[in-house]
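A.B. asks:
Number of protein chains: 2
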Amino acid sequence: MSDDERLPQPAPAEIDLVTVLHALGDPVRMRLLTSYADGAEHSCDPRHLGLDHLHKSTVSHHMRVLREAGVTTTRVAGRNRYVSLRRADLDARFPGLLDALLAAAQAPTD
Amino acid sequence: MSDDERLPQPAPAEIDLVTVLHALGDPVRMRLLTSYADGAEHSCDPRHLGLDHLHKSTVSHHMRVLREAGVTTTRVAGRNRYVSLRRADLDARFPGLLDALLAAAQAPTD
DNA sequence: CGGATTGGTGGATGATTGTCAAACCGTCCC
DNA sequence: GGGACGGTTTGACAATCATCCACCAATCCG
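First to last, the sequence lines map onto chains A and B.
Last residue of the first sequence? That's 110 in UniProt numbering, and every number before it is there in order.
Last residue of the second sequence? That's 110 in UniProt numbering, and every number before it is there in order.
(1) In its own chain, which residues sit with a C-beta less than 7 Å from the C-beta of B:Arg86, not counting the 5 before and 5 after it?
(2) Taking CB distances under 8 Å as the criterion, tell me whether A:Arg93 reaches chain B.
(3) Taking the C-alpha atoms as reference points, what is the distance between B:Leu90 and B:His53?
(4) Tell me the start and end of each unbroken beta strand (DSSP E) in the UniProt domain "HTH arsR-type" (9 to 105) of chain B that is at least 3 residues and wholly inside, in chain order.
(5) Work out the CA separation of A:Glu68 and A:Gln9 for me, nearest whole Å.
(6) Apart from the five residues just before and just after B:Leu17, which ones in its own chain have a Cβ nearer than 7 Å to its Cβ?
(7) State yes or no: is the beta carbon of B:His62 nearer than 8 Å to at least one beta carbon in chain A?
(8) Would you check if there are 3 or more beta carbon pairs closer than 8 Å linking the region 47 to 67 of chain A to the region 41 to 58 of chain B?
(9) What does A:Pro8 touch in chain B if you count any residue whose Cβ is under 9 Å from its own?
(10) Let's test the definition: count the other Cβ atoms within 10 Å of the Cβ of A:Pro46 and tell me whether it reaches 16, buried, or not, exposed.
(11) Taking all protein chains shown into account, do 16 or more other C-beta atoms lie within 10 angstroms of the C-beta of B:Arg79, making it buried, or fewer, making it exposed?
(12) Report the neighbours of B:Ala103 on chain A: residues whose CB is nearer than 9 Å to its CB, in chain order.
(13) May I have the straight-line CA-CA distance separating B:Ala107 from B:Ile15, to the nearest angstrom?
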């Protein structure tokens with residue numbers, strides 16, 4: 001499982017706050033984050049993510065941005081990729097930030 | 001003081017998380033945020049903000065983005081503008097977020 | 001093998017953005 | 001009135017970005 005190959009991602013200490021915020025300052029990527037909040041691994045298929053309206057290459061692009069910002073990690077197994085939150089790394093580097101973000105994402109839109 | 005005119009800004013309930021994160025996903029605006037963290041009012045002069053390298057119109061643009069996102073408020077008094085954090089509004093709408101962000105901004109860059 | 005599945009790459013395109021420069025505007029004050 | 005001051009607006013420009021499309025690559029399975 002977790003000893004499969006992983007796509008390139010920044011080391012925990014290299015995760016940059018502004019880069020993370022820039023990554024999350026997009027509605028699609030914010031939606032991906034909330035999908036990943038369950039801690040589970042997720043496939044890249046737009047249909048599994050409520051993103052039917054987007055081309056698969058667009059979703060691929062957004063997932064790359066999240067991964068390169070250090071928000072997610074991607075495990076490669078066969079022809080599937082399993083994306084999940086780097087919760088431990090984020091919590092260690094920016095204590096309380098992820099929880100506050102996920103809670104804020106629930107705030108009513110009005 | 002606080003009954004002076006204020007530049008247009010979103011109502012507390014209209015503050016949008018993604019818009020806030022997008023606003024803060026820029027190094028200059030993140031630096032402004034940390035400057036405003038003291039809760040005090042600040043002038044717009046780049047030289048008072050450690051932004052000597054930027055044109056005053058560029059700083060004006062960044063401050064507008066922050067204000068329109070709901071991060072800051074701008075009080076107009078005579079020919080001066082006094083910018084400050086909307087801490088109460090942000091704390092009410094996104095509990096813990098601002099504190100986590102300001103703490104995260106202190107994390108070593110490595 | 002050969003087709004289907006899963007997902008990424010590269011190019012193109014239109015929109016947004018960060019920056020500067022110059023002109024502008026209201027206010028203060030001599 | 002007429003500068004000087006503090007900021008904003010507008011325009012220009014290059015860079016970045018989100019999106020789509022067509023094609024590609026690796027893997028799985030019958």
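Ideal Cβ placement from N, Cα and C applies to all residues, glycine included.
Values in this document were obtained by computation on a predicted structure and should not be read as measured data.
C.D. replies: Looking at the atomic coordinates:
(1) Numbered from 1 along the second sequence, position 86 holds the residue referred to as residue 86 of chain B. Within the same chain, B:Arg86 has close Cβ partners Gly70, Val71, Thr72 and Thr73.
(2) On the first sequence, residue 93 of chain A is found 93 positions in, with the first residue counted as 1. At least one chain B Cβ lies under 8 Å of A:Arg93.
(3) The sequence position of residue 90 of chain B within the second sequence is 90, counting from 1. The sequence position of residue 53 of chain B within the second sequence is 53, counting from 1. Each residue's alpha carbon lies about 30 Å from the other.
(4) For the UniProt domain "HTH arsR-type" (9 to 105) of chain B, whole beta strand (DSSP E) runs of length 3 or above, ordered along the chain, are 72 to 77 and 80 to 85.
(5) Taking the first residue of the first sequence as 1, we reach residue 9 of chain A at position 9. Taking the first residue of the first sequence as 1, we reach residue 68 of chain A at position 68. Approximately 5 Å between the Cα atoms of the pair.
(6) Counted from its first residue, the second sequence places residue 17 of chain B at position 17. The residues are Phe94.
(7) For the purposes of this step, residue 62 of chain B is identified with residue 62 of the second sequence, where counting begins at 1. No, because no Cβ of chain A sits closer than 8 Å to the Cβ of B:His62.
(8) no
(9) The sequence position of residue 8 of chain A within the first sequence is 8, counting from 1. Within 9 Å Cβ-Cβ: nothing; A:Pro8 doesn't reach chain B, min ~17 Å.
(10) Stepping through the first sequence from its first residue, residue 46 of chain A is reached at position 46. Its Cβ being crowded by 16 or more others within 10 Å, A:Pro46 is buried.
(11) Taking the second sequence and counting its residues from 1, the one referred to as residue 79 of chain B is at position 79. Flag for B:Arg79 reads exposed.
(12) Working through the second sequence from its first residue, we reach residue 103 of chain B at position 103. The contacting residues are Phe94, Pro95, Gly96 and Leu97.
(13) Counting from 1 along the second sequence, the entry for residue 107 of chain B is found at position 107. Counting from 1 along the second sequence, the entry for residue 15 of chain B is found at position 15. So the alpha carbons of these two residues sit roughly 26 Å apart.
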